[in-house]
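Trainee: Numbering (our numbering), first residue to last: -19 to 138. Each residue gets a CB set at the ideal place from its N, CA and C atoms; glycine is no exception.
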Amino acid sequence: MHICMENVVVEEEEGEIIVTNLVSYSFPIIRYKLGDIITLADKDFRCSCGREHPLILDVVGRIGKRVLGKKFIYPSLTFYYIFKNLALNDGIDLNYQVIQEEKGKVLLRVEQDKPELSSSLLKEVRKYFNNDLDVEILWGQELLRYGGKMRDFISMLE
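This is the structure in structure tokens:
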């Protein structure tokens, strides 16, 4: 991701992104910690597209948001990649919310009512979690809001 230096200043401390918005007059955002762990490109790195802006190479995950598998721990952002892959590779656009109440198990709530896509979704989940996470899919669900916000991953374990 190119960083539009004309609009923001992006800093990185211990892997965490810190953003200052240079164009927000009504609500200044100064050194705001987004809660994302990132990987910045080296200052000498040049993108093949020719743009000279600094780059964020990867958004690794959210601070404090972890999926607890049976044996391993994963960033909750993994689910973003699962659904992004389904959309880009298979043309399957789904709105989702993942809830974890028990180690090694998640409840995957999907807004659309398309249970015929279960095998495609589970196949993509297995690419990232193998058999370390049991997944129950609920189709045709209203996604829950907490404090007015819709969160894609909710852990009851932390």
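(1) In terms of alpha-carbon separation, which member of Asp93, Pro95, Arg89, Lys94 lies closest to Arg125?
(2) Can you find the residues in the same chain that come closer than 7 Å, C-beta to C-beta, to Leu14, ignoring five residues on each side of it along the sequence?
(3) First and last residue of the alpha helix (DSSP H) that includes Asn65?
(4) The beta strand (DSSP E) with Glu(-9) in it runs from where to where?
(5) Count the other C-beta atoms from every protein chain shown that fall within 10 angstroms of the C-beta of Ile144, then say buried if there are 16 or more, exposed otherwise.
(6) What alpha helix (DSSP H) runs, 4 residues minimum, are completely inside the segment 73 to 134?
(7) By how many angstroms is the C-alpha of Arg26 removed from the C-alpha of Glu32?
(8) Report the CB separation of Val47 from Val105 in whole angstroms; it is logged as a contact under 8 Å.
(9) With H, G and I counted as helix, E and B as strand and the rest as coil, what does DSSP make of Pro55?
(10) When you compare the segment 5 to 25 with the segment 70 to 81, are there three or more beta-carbon pairs, one atom per stretch, that lie closer than 8 Å?
(11) Could you tell me if Gly49 is buried or exposed, where buried requires 16 or more neighbouring beta carbons within 10 angstroms of its beta carbon?
(12) Pull the bridge partners of Glu(-4) from the DSSP assignment, please.
(13) What is the rounded straight-line gap between the Cα of Glu(-6) and the Cα of Ser28?
(14) If I follow the unbroken beta strand (DSSP E) through Val46, where does it start and stop?
(15) Mind checking whether Ile53 and Met136 have CB atoms under 9 Å apart?
(16) For Phe7, does the count of other Cβ atoms within 10 angstroms reach 16, so buried, or fall short, so exposed?
Mentor: Once the coordinates are examined:
(1) Here residue 125 is taken as the residue at index 145 of the sequence shown, counted from 1. Selected option, being the one with the closest Cα: Arg89.
(2) Position 34 of the sequence shown, counted from the first residue, corresponds to residue 14. Taken in chain order, the residues that qualify are Ile(-3), Val(-1).
(3) By one-based count along the sequence shown, residue 65 stands at place 85. Looking at the DSSP string, the run of the alpha helix (DSSP H) that includes Asn65 is 58 to 70.
(4) Along the sequence shown, read from residue 1 onward, the residue named residue -9 stands at position 11. Unbroken beta strand (DSSP E) run through Glu(-9): -12 to -7.
(5) Because residue 144 is not part of the residues shown, which for the chain are -19 to 138, the question remains open.
(6) 98 to 109
(7) Numbered from its first residue, the sequence shown carries residue 32 at position 52. Numbered from its first residue, the sequence shown carries residue 26 at position 46. About 7 Å.
(8) Here residue 47 refers to the residue found at position 67 of the sequence shown. Here residue 105 refers to the residue found at position 125 of the sequence shown. Not really, about 11 Å apart at Cβ, beyond 8 Å.
(9) To locate residue 55, count along the sequence shown from 1; it is residue 75. Strand.
(10) no
(11) For the purposes of this step, residue 49 is taken as the residue at position 69 of the sequence shown. Flag for Gly49 reads buried.
(12) On the sequence shown, position 16 is the one that residue -4 refers to. DSSP output for Glu(-4) lists Glu(-7), Ile17 as bridge partner(s).
(13) Position 14 of the sequence shown holds residue -6. Position 48 of the sequence shown holds residue 28. Distance between the alpha carbons of Glu(-6) and Ser28: 27 Å.
(14) Stepping through the sequence shown from its first residue, residue 46 is reached at position 66. The amino acid occupying residue 46 in the given sequence is Arg; Val does not appear at that position. Its beta strand (DSSP E) spans residues 46 to 48.
(15) Position 73 of the sequence shown, counting from 1, holds the residue named residue 53. Position 156 of the sequence shown, counting from 1, holds the residue named residue 136. Contact flag unset, no.
(16) Numbered from its first residue, the sequence shown carries residue 7 at position 27. Classification for Phe7: exposed.
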